[in-house]
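Report on the following structure.
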Amino acid sequence: MFYREAGDFKTSYRDDSQTFPIRFDRYRYYAVLVVALAVVPFFIDSYWANALLVPFLIYAIAAIGLNILTGYCGQVSLGTGGFMAVGAYACYKLMTAFPDVNIVLHIIAAGGITAAVGVLFGLPSLRIKGFYLAVATLAAQFFLVWLFNKVPWFYNYSASGQISAPERTVFGIAVTGPNTEAWAKYLVCLLFVVVLAWVARNLTRGSIGRSWMAIRDMDIAAEIIGVNPLKAKLTAFAVSSFYIGIAGALFFAVYLGAVEVGEAFGIQKSFLILFMIIIGGLGSIFGSFAGAAFLVLLPVLLKNVLVGTLGWPTDLAAHIELMIVGALIIVFLIAEPHGIAQLWRIAKEKLRLWPFPH
Amino acid sequence: MPDQFLYAVEVMINGLMAGVLYALVALGFVLIFKASGIFNYAQGVLALFAALTLVGLQKGQIPFAHLINAAFGTKVHYFGWTMPTFLAIALTIVVMILLAIAIERFILKHLVNQEPIILFMATIGLAYFLEGLGDVMWGADVKTLDVGLPQGASEWVEEASAVLGGDGFYGFFIDKLDIVAALVAAVLVITLTIFSQYSKQGRALRAVADDHQAALSVGISLRFIWVLVWSIAGIVALVAGIMWGAKSGVQFSLSLIALKALPVLMLGGFTSIPGAIVGGLIIGVGEKLFEFTIGSMIGGATENWFAYVLALVFLVFRPQGLFGEKIIERV
């Protein structure tokens, strides 16, 4: 009734090709932005920020990054955790080497460094593909984690082998370190998410995004019609690693504050983010958000139900959580291989005809 | 002979033995990949699950005891018997076959004709599920597995080889278990080869591997073959699980070690049984030698990543692996 194109006249090409062609969607998008930016920061407390919102936002960035590589360009990567570690350690080294430079610049630079590392590990993708490549990216995962564990220069020779973020401020407000307010953490992550999601959305529907998708759908055919696979694959690796690096930097500097590389950026993290984009939807920016939200919420929810309500021991709950996540992935792959994003699309189609389906 | 060289040889032999175990896991991968084109990520977890089930049955643990206790407030843990090893192994094989039927029934049947990458991700989901199931069923603590395999240093090898070195050399230290593992692996490979070459089901299996459609048209049941091949993979996983479990205890890291079967496969090629064996040996020897010569200089623990990097470098030059069939691509 309210959700349709009728009456919303597009008079320019620009209007016609906008991301949200339906007026209701557009207003909903602005409303979500206003609530997230102007309302939530006043009500957020430390539990909500640390347990749900901040990890959701950071994982959303990482999921968008992996989705660009896997969902849009078709290159499966299991090295996400390793690339997040590169972002985190690059950020740490920059923070400690140049204490006067703004932390936001450090985080962006960390993304840039990760992009360079990503391109390096992306080079084999020109020769190998499919799950051969997936296993090859495991090399990045294990090698990078080992490197950050064994070379003391990366953790500034600290005795524990951990890295911990010193306090840095933006406009006089602490955003890293132990004295950070919940709303400051949340806002920093949110701003990164908004900007990066906007960039990703526009990259993926532009010419570079189309060349990625051509490579994904059939690389030989794409090459024949004039898509340069070297350029397409390496840009996908670079952009994807840039996002993942920023996610890693935020994960370390803003969210956790101190990390141990094997624990925070191990192979489990790579799988977690891969699951996010499978469940959310491959090749969809919205899907990255949906998947991140789902897999951040699920453990909290299960823990509340199993441990909080039923009083079961935490380790049992953790194992049951593994089973449920595994089963869900299979169920999603069988029932809806395109994930939550596809369900959302179907729901929108239905909504356009509601209440008078023909 | 100089001692340094002899130590290197000893490291190499131990690497060979470790390689045999990698090859055992890789064998399961190859079987499934050949018959169904599925890259079964869950193979390592299958090994873990099989070993957990074996220990649980042997010690008379009550399945899901933890869950039952939590849900009903009871305190049950053991049936109070100790099952003979032979019976426990037989029962575990039955469990693995049931598992294979369940996997075919609930997962593979619904994913026919999907892209390989979707199937791969489904097996990742399966791996998570089985890992959780194994822990919920039998508990997550580290268990010792004892099926009566000989363990400890083999004195015979030690004495026989001591003559090679000088006074400071006491012979090669080789675990008896490793020798048993190598023998078992050899027997397994020979049995599987004979089975697939000469038996009726084996021929059907190869036909399916060659061409699904053609196999279907001559009356081979695809679903039966899939159950069969997953059962065999389950049994191979059980053997690998017993070997690894006897060596380092049954615990979660078993499934991580099994991840190393992936580079083994990349070296050997996904479709070749000899490739799996040779790849496993190369990886096993390579990582031990690398750790011995260079690893100690750059911080150690290089075994974590060496196999992957080796496979990565190797693949750039020969994408189909050592023994794999040449990849031909068409638009």
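Protein sequences appear in the order of chains A and B.
Residue numbers for the first sequence follow this note's numbering, so the first one is 1 and each next one is one higher.
Residue numbers for the second sequence follow this note's numbering, so the first one is 359 and each next one is one higher.
Idealized CB from N, CA, C, for every residue including glycine.
- For the segment 121 to 134 of chain A, the residues whose beta carbon sits under 7 angstroms from a beta carbon of chain B are, in order, P124, R127, I128, G130, F131, Y132.
- In the three-state scheme derived from DSSP, where H, G and I count as helix and E and B as strand, I163 (chain A) is classed as strand.
- For the segment 264 to 296 of chain A, the beta-carbon criterion of a distance under 9 angstroms to any beta-carbon of chain B is satisfied by I267, F271, L274, F275, I278.
- Distance between Y255 (chain A) and A318 (chain A), taken at the CA atoms: about 22 angstroms.
- At a cut-off of 7 angstroms between beta-carbon atoms, G82 (chain A) makes no contact with chain B.
- Short of 6 angstroms from the beta carbon of G607 (chain B), and not among the five residues preceding or following it, lie these beta carbons of its own chain, in chain order: V500, T502.
- Of the other Cβ atoms in all chains shown, fewer than 16 fall within 10 Å of the Cβ of R688 (chain B); this residue is therefore exposed.
- Just so you know, the alpha carbons of D536 (chain B) and V239 (chain A) end up roughly 47 angstroms apart.
- At the C-beta level, M95 (chain A) and A247 (chain A) stay beyond 7 angstroms of one another.
- The DSSP-derived three-state label of A258 (chain A) is strand.
- Annotation for V594 (chain B): the continuous alpha helix (DSSP H) segment containing it runs 580 to 606.
- For M624 (chain B), the chain A residues whose Cβ falls inside 7 angstroms of its Cβ are Y132, V135, in order along the chain.
- Closest in C-alpha terms to V331 (chain A), from the list B:L469, B:P632, B:G414, comes B:L469.
- With a beta-carbon spacing of about 6 angstroms, G245 (chain A) and V86 (chain A) fall inside the 8 angstroms limit used to define contacts.
- A check of alpha carbon separations from T629 (chain B) across B:S394, B:A366, B:G560, B:I548 identifies B:S394 as the nearest.
- By the Cβ-count criterion, A408 (chain B) is buried, with 16 or more other Cβ atoms from all chains shown falling within 10 Å of its own Cβ.
- At a cut-off of 7 angstroms between beta-carbon atoms, H319 (chain A) makes contact with chain B.
- Sequence-distant Cβ neighbours of C73 (chain A) in its own chain, meaning closer than 6 angstroms and more than five residues away, are W212, I215, R216, A236.
- When the Cα atoms are used, A634 (chain B) and L333 (chain A) turn out to be separated by approximately 29 angstroms.
- Cβ contact annotation for I267 (chain A) (same chain, cutoff 7 angstroms, sequence separation greater than five): G81, Q141, in chain order.
- For V307 (chain A), the closest Cβ of chain B is not nearer than 7 angstroms.
- S270 (chain A) and G560 (chain B) have their C-alpha atoms roughly 38 angstroms apart.
- For V494 (chain B), the uninterrupted alpha helix (DSSP H) segment begins and ends at 474 to 496.
- As DSSP reads the structure, I173 (chain A) sits in a beta bridge with A:V170.
- Residues A88, Q162, I163, F252 of the same chain have their beta carbon placed closer than 7 angstroms to that of V259 (chain A), with the five preceding and five following residues left out of the count.
- Counting C-beta atoms within 10 angstroms of its own C-beta, P152 (chain A) has fewer than 16 neighbours from the protein chains shown and is therefore classed as exposed.
- With contacts defined by Cβ atoms closer than 7 angstroms, G637 (chain B) and L647 (chain B) do not form a contacting pair.
- For Y13 (chain A), no pairing in a beta bridge is given by DSSP.
- The Cβ atoms of A165 (chain A) and G308 (chain A) lie no closer than 7 angstroms to each other.
- For M213 (chain A), there are no neighbours in chain B by C-beta distance under 9 angstroms, as the nearest C-beta there is about 15 angstroms away.
- For the pair T450 (chain B) and L623 (chain B), the CB atoms are not nearer than the 7 angstroms cut-off.
- Excluding its 5 nearest sequence neighbours in each direction, V369 (chain B) has C-beta neighbours in its own chain below 7 angstroms: K646, L647, F650, listed in chain order.
- Contact check for L196 (chain A) against I61 (chain A) passes: the beta carbons are separated by less than 7 angstroms.
- Legend: CB atoms of the segment 534 to 565 of chain B lying less than 9 angstroms from CB atoms of chain A are not found in any residue.
- When 9 angstroms is used as the limit between beta carbons, I482 (chain B) is near these residues of chain A: F271, L274, F275, I278, G326, I329, in chain order.
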